[in-house]
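Note sheet for the following structure.
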Amino acid sequence: MRAHAATAAWAAALVGLHALAGFFVLGAWLTASEGPWDRTVTGTARLMAGLGLAVELMALAGTAAGVNTGRLGRWWYAPAAVLVAVAVVRMVFAPQP
Numbered sequence: 129m130r131a132h133a134a135t136a137a138w139a140a141a142l143v144g145l146h147a148l149a150g151f152f153v154l155g156a157w158l159t160a161s162e163g164p165w166d167r168t169v170t171g172t173a174r175l176m177a178g179l180g181l182a183v184e185l186m187a188l189a190g191t192a193a194g195v196n197t198g199r200l201g202r203w204w205y206a207p208a209a210v211l212v213a214v215a216v217v218r219m220v221f222a223p224q225p
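Below, the structure is given as structure tokens:
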């Protein structure tokens, strides 16, 4: 019974990290330029995407540890892969004023 509780706690921690990273990545995607005078939008979008990437890399490390110990399935890599890809794309294609 303890193994199930540990797995559930591990999964809950990963879901929380994915949610936090998703918040940052969504903020990066919703950041839009208001016009040619708006020069801070590129920095803001890249900062939010970078924060999302940093949190998601922590989640990826936790996922790798969980999969390697056999407590989590390999499908747990999917949310991390999607969020990392989206954050990197947003960092590269940040809006230019």
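Counting from 129, one number per residue, gives the positions in the sequence shown under this note's numbering. Don't be surprised by glycine CBs; every beta carbon is placed ideally from N, CA and C.
- By the criterion of a C-beta distance shorter than 7 Å, V214 is surrounded in its chain by V153, once the five residues flanking it on both sides are discounted.
- Assignment of L200 by DSSP, reduced to helix, strand and coil, places it in the coil class.
- By the 16-neighbour rule on beta-carbons within 10 angstroms, R202 is exposed.
- Here DSSP, grouped into helix, strand and coil, assigns P207 to helix.
- For E162, the number of other beta carbons within 10 angstroms of its own is below 16, and it is reported as exposed.
- Counting the other Cβ atoms within 10 Å of the Cβ of L158 gives fewer than 16, which makes it exposed.
- Nearest to A147 by C-alpha distance, out of M219, V195 and V210, is V210.
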